[in-house]
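Undergrad:
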Amino acid sequence: WREPVAAKRRMAYVPDNPDVYDFLTGVQYLDLIADVFGVGTEERRRRADELAGRLELSDALGDPVSAYSHGMRQKLVLVGALVHDPALLVLDEPFVGLDPSASHELKAILRERAEAGGAVFFSSHVLEVVERLCDTVAVIRRGELVASGPTDEVRGSDSLEDVFLELVDEKDDLVVARRTR
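In structure tokens:
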């Protein structure tokens with residue numbers, strides 16, 4: 594990209610253990626993120642309200658982040674990542690800490706974004722989720738790419754878990770997945 598700032602405005606990243614400003618309320622945190630990305634007041638409210646509602650976080654947005662559980666913080670960071678409607682989402686273990694309802698809703702959100710033309714790139718050790726959600730996968734062992742391609746081709750007639758276990762022998766290896774449809 595020739596314009597790195599413009600490129601960064603079109604993407605969002607959620608680390609596996611995000612830092613959130615404890616002294617802010619959820620609303621203040623989302624306003625800060627929206628300000629960074631230049632999202633107008635009406636648009637940010639609409640998006641934040643919709644996403645927080647879908648992830649069942651709305652009632653806590655007025656509370657200080659310091660009072661949030663790990664799962665609530667994860668939801669807040671996910672809403673913050675989506676508030677500017679990025680073209681590319683990069684998520685590291687996005688389902689960790691989420692309750693089943695929020696996890697289900699996040700999967701729906703990721704599918705919708707991909708179907709609308711956005712790119713979703715995430716890492717996960719939960720291979721059943723990767724297998725059901727993604728159309729392209731990559732397996733990384735000790736920092737090296739050992740397999741990649743359409744999920745059905747990488748998997749063959751086996752489960753993704755079986756393929757993964759054949760390819761790697763380290764606990765810290767990752768499956769990186771992308772949702773494009």
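Using my numbering, you'd call the opening residue of the sequence shown number 594 and step up by one each time.
Here a beta-carbon is modelled for each residue, glycine too, at the ideal position from N, C-alpha and C.
#1: So, at 7 Å on beta carbons, what are the nonlocal neighbours of ASP609 in its own chain, with the 5 sequence-adjacent residues on each side left out?
#2: Where in the segment 669–757 do unbroken runs of the alpha helix (DSSP H), each at least 4 residues long, occur, reported from the N-terminal end onward?
#3: If you follow the beta strand (DSSP E) that TYR606 is part of, which residue opens it and which one closes it?
#4: Would DSSP call PRO657 helix, strand or coil?
#5: Just curious, the alpha helix (DSSP H) that ASP642 is in, first and last residue?
#6: Report the option in GLU649, MET604, GLU754 and VAL730 whose CA atom is closest to the CA atom of ALA627.
#7: Distance check for THR634 and ALA653, CA to CA, integer angstroms please.
#8: For HIS697, is the classification buried or exposed, using 16 other Cβ atoms within 10 angstroms of its Cβ as the cut-off for buried?
#9: Taking contact to mean 3 or more Cβ pairs, one atom from each stretch, closer than 8 Å, check whether the segment 705–719 and the segment 635–648 are in contact.
TA: Reading from the atomic positions:
#1: Position 16 of the sequence shown, counting from 1, holds the residue named residue 609. If the five residues before and after ASP609 are omitted, its C-beta is found closer than 7 Å to the C-beta atoms of ASP685, GLU686 and VAL689, all from its own chain and listed in chain order.
#2: 693–708, 720–726 and 744–748
#3: Position 13 of the sequence shown, counting from 1, holds the residue named residue 606. First-last of the beta strand (DSSP E) with TYR606: 604–607.
#4: As a position in the sequence shown, residue 657 is number 64, starting the count at 1. Residue state, collapsed to three classes: strand.
#5: One-based indexing of the sequence shown puts residue 642 at position 49. Unbroken alpha helix (DSSP H) run through ASP642: 634–647.
#6: The residue given as residue 627 occupies position 34 in the sequence shown. With distances taken between Cα atoms, ALA627 lies closest to MET604.
#7: Here residue 653 corresponds to residue number 60 of the sequence shown, with the count starting at 1. Here residue 634 corresponds to residue number 41 of the sequence shown, with the count starting at 1. Their backbone Cα atoms lie some 20 Å apart in a straight line.
#8: Residue 697 sits at position 104 when you count from the first residue of the sequence shown. Classification for HIS697: exposed.
#9: no
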